[in-house]
Amino acid sequence: MTSLRPVSTVQALAAALRERVLSGDIGPGAFLPEQELSARYGVARPTVREALAVLVHEGLLRRERNRSAYVPEVTSADLADLMYVRRPLEDLMAQAVAGRRVAAADAALDRLGSLPPDAPWAAVVAEHMALHEALVVAAGSPRLERLYGVLAAETRLGLVRLRDVYPDRDELVAEHRELLEIIATGPEDAAREAVREHLHWRET
Numbered sequence: 000m001t002s003l004r005p006v007s008t009v010q011a012l013a014a015a016l017r018e019r020v021l022s023g024d025i026g027p028g029a030f031l032p033e034q035e036l037s038a039r040y041g042v043a044r045p046t047v048r049e050a051l052a053v054l055v056h057e058g059l060l061r062r063e064r065n066r067s068a069y070v071p072e073v074t075s076a077d078l079a080d081l082m083y084v085r086r087p088l089e090d091l092m093a094q095a096v097a098g099r100r101v102a103a104a105d106a107a108l109d110r111l112g113s114l115p116p117d118a119p120w121a122a123v124v125a126e127h128m129a130l131h132e133a134l135v136v137a138a139g140s141p142r143l144e145r146l147y148g149v150l151a152a153e154t155r156l157g158l159v160r161l162r163d164v165y166p167d168r169d170e171l172v173a174e175h176r177e178l179l180e181i182i183a184t185g186p187e188d189a190a191r192e193a194v195r196e197h198l199h200w201r202e203t
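See the structure below:
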């Protein structure tokens with residue numbers, strides 16, 4: 000018999016807050032006062048404090064001395080710089096995986112395409128990240144994977160803005176399906192060009 004590990008109250012609250020941040024319900028610059036969260040979710044303040052610490056560790060929140068935790072703002076300049084740094088990393092990925100189909104990336108795309116219309120945007124962010132991370136892992140370079148992981152929090156926060164860029168989620172799915180097809184069929188030059196084009200940020 001397989002036993003399920005219970006989810007702690009801290010984990011459950013962190014998950015609820017993570018979904019709200021990554022769905023854009025708690026927007027950039029918004030503060031998360033412990034007392035308000037304690038009253039809203041019916042949990043003790045130490046539980047709130049621990050849940051916030053989880054999200055601060057993940058990079059989804061920031062906390063400064065004597066201030067409530069808040070959602071950091073990812074500006075257009077931040078996004079441009081983020082893509083500037085991601086391009087050479089994903090170019091290395093494209094060189095390594097061109098001509099190969101990455102099953103984990105295909106699976107993430109299938110999950111993305113199967114999300115119900117009312118799914119929270121956080122679910123879109125999760126599968127979008129899973130797809131790109133699967134491609135990077137497939138490159139087979141632990142150092143590339145670690146470097147890419149450093150950008151994960153800012154990337155996830157940046158992807159929140161795609162909700163306005165892609166009101167039709169099918170368009171997002173179609174773009175990634177085309178990207179994976181080009182990478183899978185190659186050649187290397189085509190895969191690298193497709194990745195560069197894919198990372199061109201679309202303003203809202």
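Heads up: the sequence shown runs through residues 0 to 203, numbered per numbering that gives the first Met the number 0.
Even for Gly, the Cβ is constructed at its ideal location relative to N, Cα and C.
ask   = For residue 61, which three-state DSSP category applies?
value = strand
**DSSP-derived helix/strand/coil call for residue 2** = Since pLDDT at residue 2 reaches only 49, below the 50 mark, its modelled position is unreliable, and no value is offered.
Straight-line Cα distance separating residue 94 from residue 178
Whole-angstrom Cα-Cα distance: 14 Å.
Nearest-angstrom Cα separation, counted from residue 64 out to residue 39:
24 Å
* **Cβ shell of residue 26 (< 8 Å), same chain only, five flanking positions each side left out** => 70
Could you give the first and the last residue of the continuous alpha helix (DSSP H) run that contains residue 155?
151-158
_Helix, strand or coil at residue 68 [DSSP, three-state]_ = strand
Inter-residue spacing [alpha-carbon to alpha-carbon] between residue 184 and residue 99: 7 Å
**Study point:** Opposing strand residues paired with residue 31 [DSSP bridges]
**Key:** Beta-bridge pairing links residue 31 to 68.
Query - Start-end ranges of the alpha helix (DSSP H) lying completely within the region 82-156, minimum 4 residues - result: 102-113, 120-137, 141-149
Q) Helix, strand or coil for residue 186 per DSSP? A) coil
| message | Within 10 Å of its beta-carbon, does residue 149 have 16 or more other beta-carbons around it, so buried, or fewer, so exposed? | response | exposed
Tell me the rounded alpha-carbon separation between residue 91 and residue 197.
15 Å
Does the beta-carbon of residue 17 have 16 or more other beta-carbons within 10 angstroms, so that it is buried, or is it exposed? buried
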